[in-house]
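Asker: Residue numbers (my numbering): 2 to 201.
Ideal Cβ placement from N, Cα and C applies to all residues, glycine included.
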Amino acid sequence: MLNITHRICLSKNSKKIIKKYWRNRRGVLDAHSWNSINNRVKNDISKKSLKNQGFKCVFCQRYLYGQSPELEHFANKALYARFSFNPINIFYSCHFCNSTDRKGILNTILIYNNRYDQCMFSILHPYLDDIDAQLIYQDEDKVLFDWLSCSQRARDTIVSLILDDPIMSNIRSRDLLYQRLNPLTSISENELIQLSIAYK
Ligand SMILES: [Zn+2]
Numbered sequence: 002m003l004n005i006t007h008r009i010c011l012s013k014n015s016k017k018i019i020k021k022y023w024r025n026r027r028g029v030l031d032a033h034s035w036n037s038i039n040n041r042v043k044n045d046i047s048k049k050s051l052k053n054q055g056f057k058c059v060f061c062q063r064y065l066y067g068q069s070p071e072l073e074h075f076a077n078k079a080l081y082a083r084f085s086f087n088p089i090n091i092f093y094s095c096h097f098c099n100s101t102d103r104k105g106i107l108n109t110i111l112i113y114n115n116r117y118d119q120c121m122f123s124i125l126h127p128y129l130d131d132i133d134a135q136l137i138y139q140d141e142d143k144v145l146f147d148w149l150s151c152s153q154r155a156r157d158t159i160v161s162l163i164l165d166d167p168i169m170s171n172i173r174s175r176d177l178l179y180q181r182l183n184p185l186t187s188i189s190e191n192e193l194i195q196l197s198i199a200y201k
């Protein structure tokens, strides 16, 4: 998983649109709120998230080009609509990691709180947890997990996202090697981001 240390900052215009949206709905969002907000807001989040993640899947860390990048809400937007526009609840993942038997519609909140950062999550959170301190590998290539050194929530994350199956282990090690040999330049990254933003 990616360990994301910097949070994205929405544009003034996006904040204004979101504020107005909340006001019009008297502070109650629903499962359709994300779909009905102006595309400019979604693309602002989309573009900045891709950049912030270095154009990599938040779960398996592979480059997103050619992988049908998907914008996904860490806490499911149908279950927790109030967090629909919270930038630290929104990530990009590849289609494989976001499939229904992996992250998909997994309910990631164990104990709910109206304040997002006070919720207790069932799996590691890329912004709120120090992933690198909890999800420990036996080797540099990130093939095998060091289960004894992983925290309990890291182990729960491995199990929930099936990060240790041979397919995922193979994807992870192959892609990390590829990235070391072929780092994205900022120019190609910007071009790819423009091509991949979610809402045209
Ligand atoms: Zn992935």
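When the Cα of Tyr1 is compared with those of Ala199, Pro184, Leu196 and Gln195, which residue comes out closest?
Answerer: Here the chain has residues from 2 to 201 only, and residue 1 is not among them.
Asker: Spatial neighbours of Ile132 within its chain, please: C-beta separation below 6 Å, excluding the five flanking residues on both sides.
Answerer: Within the same chain, Ile132 has close Cβ partners Met2, Asn4 and Leu125.
Asker: Given a cut-off of 8 Å, decide if Leu51 and Ile194 are closer than it, judged by their beta-carbon atoms.
Answerer: Yes; because the gap between Cβ atoms is below 8 Å, this pair is in contact.
Asker: Considering only their Cβ atoms, is the gap separating Ser85 from Met35 smaller than 8 Å?
Answerer: Note that residue 35 is Trp in the sequence shown here, rather than Met. Their beta carbons are under 8 Å apart, which means Trp35 touches Ser85 by this criterion.
Asker: Take Ile163 and list the residues in its own chain whose beta-carbon comes closer than 8 Å to its own, dropping the five residues that flank it on each side.
Answerer: Answer for Ile163: Asp102, Arg103 and Met169, listed in chain order.
Asker: Would you report the Cα separation of Arg83 and Ser47, rounded to the nearest angstrom?
Answerer: Distance between the alpha carbons of Arg83 and Ser47 is about 18 Å.
Asker: Identify whether Ile112 lies in helix, strand or coil by the three-state DSSP scheme.
Answerer: Reduced to three states, the DSSP call for Ile112 is strand.
Asker: Tell me whether Ser94 counts as near ligand 1, meaning its Cβ is closer than 7 Å to at least one heavy atom of that ligand.
Answerer: Yes, the beta carbon of Ser94 sits closer than 7 Å to at least one heavy atom of ligand 1.
Asker: Roughly how many whole angstroms lie between the Cα atoms of Thr158 and Ser123?
Answerer: Each residue's Cα considered, the two are about 8 Å apart.
Asker: Can you name, in chain order, every residue of its own chain whose Cβ lies under 8 Å from the Cβ of Asn115, other than the five neighbours on each side?
Answerer: Closer than 8 Å at the Cβ level, and outside the excluded window around Asn115, lie Arg83.
Asker: Which residue from Tyr22, Ser150, Pro167 and Val29 puts its Cα closest to that of Ile38?
Answerer: The shortest Cα separation from Ile38 among Tyr22, Ser150, Pro167 and Val29 belongs to Tyr22.
Asker: Does the beta-carbon distance from Asn99 to Glu71 come in below 8 Å?
Answerer: Yes, the Cβ-Cβ distance between Asn99 and Glu71 is below 8 Å.
Asker: Check whether the Cβ atoms of Tyr138 and Leu145 sit closer than 8 Å, and answer yes or no.
Answerer: Cβ distance < 8 Å, so Tyr138 and Leu145 count as in contact.
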